[in-house]
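The block underneath contains the structure these notes are about, expressed in structure tokens.
Numbering (the working numbering), first residue to last: 29 to 554.
Listed below in structure tokens is the structure:
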């Protein structure tokens, strides 16, 4: 290779314009193309390779300035740079060759030579696989054109790299996040999905309350929307290290942050007796496990209601990644009894019945605010298909379901009939024995209040009030299982209520016997 071959673009500006027009250029460019083919293409293509050589976008006369190990600039090596869509090639006088893929390039910067006095150089920084390195080229006759084209090639390659990485990430299926083990021990309120939302963003929107994030408060406004008042929410208290993490005494798990929530709420359940307003104290524990999981545990104490010192409630919200962009939200409740009571079943059932619609409403609000802040899909992504199971029953299972449902209907009616029978016995005993008035009124009120709540519960689980009698084809497996479970709970309630009623009847009979015996003694004395 001769110096005249390399310096062909130093003749005039007009010839430089011709250089950037590719292989369809005049004869002077054809010479440069042949130079490129001789030094790079003919040597690299394999035998029998009929593929076409790459199109030369531009070529520039320049000098490679290798750096010595001591960090000084060695004598320059004059040559020619060729630019294609994927690669930069350089050939020097002594057949020194440099090949750099634009996909490895990091940046192109303008530099100076001759101790910073001549502004005619470029430095191309690239990833060598072991860290950043660079090539230094000077003596450009048209440095700005070279800078513009090499910068464009670098930026295009970066964009292509990002697209390739996203496609690769999408094609590589992320490992499934297993269901939460603690929720399995609780009463599952629901398991639902939120689409196009990351774990980190879900925490920011739904639980951060704007503490340390740019998100608007969510939990406080939701409580206010539900009619709660005197709402006080503390800021999150973050742990400083592993030994400083917060522990929820009920589950024994450690959490990264903690806060307290205080408010008052109107009670709407028909299962409780007592004042219409309840004071609620919640302690929130929260933990974010990378991009896999977010756990919020609520320790809930209700004040100012009957049996408030007997139990507390643990609620657990678990958001876990499903696929690459969606979340599964599981909510569970556990009634934690601090003292023994014969009304455990009623308290548990009432707590779940009163909490379930509240937490479902909270989830609906979460879903709406997450939808408004959903993370948009980029050009390389497609919305994941909803793989939720169809919960409707197949036609072939309907005869069996109808039979089971009819049995459940009979059980519900039998429970109501049995309760009404005990109420009748209690009424007759009270009418026959005036001593009924002498029984401790607190015991009577407790029994009557419990019985009244239980009767209402029976009414609501009764098919007369909840299920069309002539059409059970729309009953799902989940609804059937829930109905059967409620009947089982009712049977447990019945056993407890029978004990209470028998004790009251026995007490009434004893009181009547004592009263009758006392009257007989007076008659004898007279």
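C-beta atoms are modelled at their ideal positions from N, C-alpha and C, and glycine is treated no differently.
Note that the coordinates shown come from a computational prediction; the quantities given were computed from them, not determined experimentally.
Under the three-state reduction of DSSP, which class applies to residue i: helix, strand or coil?
i, result
"residue 87", "strand"
"residue 252", "helix"
"residue 375", "helix"
"residue 229", "helix"
"residue 190", "helix"
"residue 92", "strand"
"residue 176", "helix"
"residue 395", "helix"
"residue 64", "helix"
"residue 403", "coil"
"residue 266", "strand"
"residue 381", "helix"
"residue 146", "strand"
"residue 369", "coil"
"residue 183", "helix"
"residue 548", "For residue 548, the pLDDT reaches just 47, beneath the cut-off of 50, and the residue's location in the model is therefore unreliable, leaving the point undetermined."
"residue 386", "helix"
Roughly how many whole angstroms lie between the Cα atoms of residue i and residue j?
i, j, result
"residue 262", "residue 370", "37 Å"
"residue 404", "residue 353", "10 Å"
"residue 93", "residue 136", "15 Å"
"residue 66", "residue 143", "36 Å"
"residue 314", "residue 238", "15 Å"
"residue 359", "residue 333", "25 Å"
"residue 386", "residue 341", "14 Å"
"residue 271", "residue 364", "27 Å"
"residue 171", "residue 115", "19 Å"
"residue 211", "residue 229", "22 Å"
"residue 90", "residue 107", "6 Å"
"residue 204", "residue 183", "35 Å"
"residue 361", "residue 186", "49 Å"
"residue 139", "residue 162", "12 Å"
"residue 241", "residue 213", "33 Å"
"residue 82", "residue 62", "12 Å"
"residue 325", "residue 194", "34 Å"
"residue 169", "residue 321", "58 Å"
"residue 279", "residue 209", "11 Å"
"residue 148", "residue 141", "7 Å"
"residue 281", "residue 236", "20 Å"
"residue 335", "residue 277", "21 Å"
Using C-beta distances below 8 Å, list every residue in its chain close to residue i, excluding the 5 sequence neighbours before and after it, in chain order.
i, result
"residue 397", "233, 234 and 246"
"residue 160", "134, 153 and 154"
"residue 292", "256, 257, 258, 305, 306, 307 and 308"
"residue 252", "259"
Kindly identify the DSSP beta-bridge partner or partners of residue i.
i, result
"residue 327", "311 and 342"
"residue 116", "111 and 128"
"residue 292", "257 and 307"
"residue 215", "361"
"residue 527", "None; residue 527 has no bridge partner."
"residue 222", "355"
"residue 321", "317 and 348"
"residue 283", "274"
Grab me the residues of residue i's own chain with a C-beta within less than 6 Å of its C-beta, minus the 5 sequence neighbours each way, in chain order.
i, result
"residue 224", "353, 402 and 403"
"residue 266", "285"
Apart from the five residues on each side of it in sequence, which residues of its chain come closer than 7 Å, Cβ to Cβ, to residue i?
i, result
"residue 68", "117"
"residue 395", "222"
"residue 129", "114 and 115"
"residue 393", "250"
"residue 273", "267, 282, 283 and 284"
On the premise that residue j lies in contact with residue i, defined as a C-beta separation below 8 Å, what is that separation, rounded to the nearest angstrom?
i, j, result
"residue 86", "residue 111", "5 Å"
"residue 357", "residue 347", "5 Å"
"residue 189", "residue 131", "6 Å"
"residue 104", "residue 166", "6 Å"
"residue 316", "residue 227", "6 Å"
"residue 215", "residue 380", "6 Å"
"residue 275", "residue 310", "About 17 Å; that fails the 8 Å criterion."
Check whether the Cβ of residue i lies closer than 9 Å to any Cβ atom in chain B.
i, result
"residue 341", "You won't find chain B in this structure, because it holds only one protein chain."
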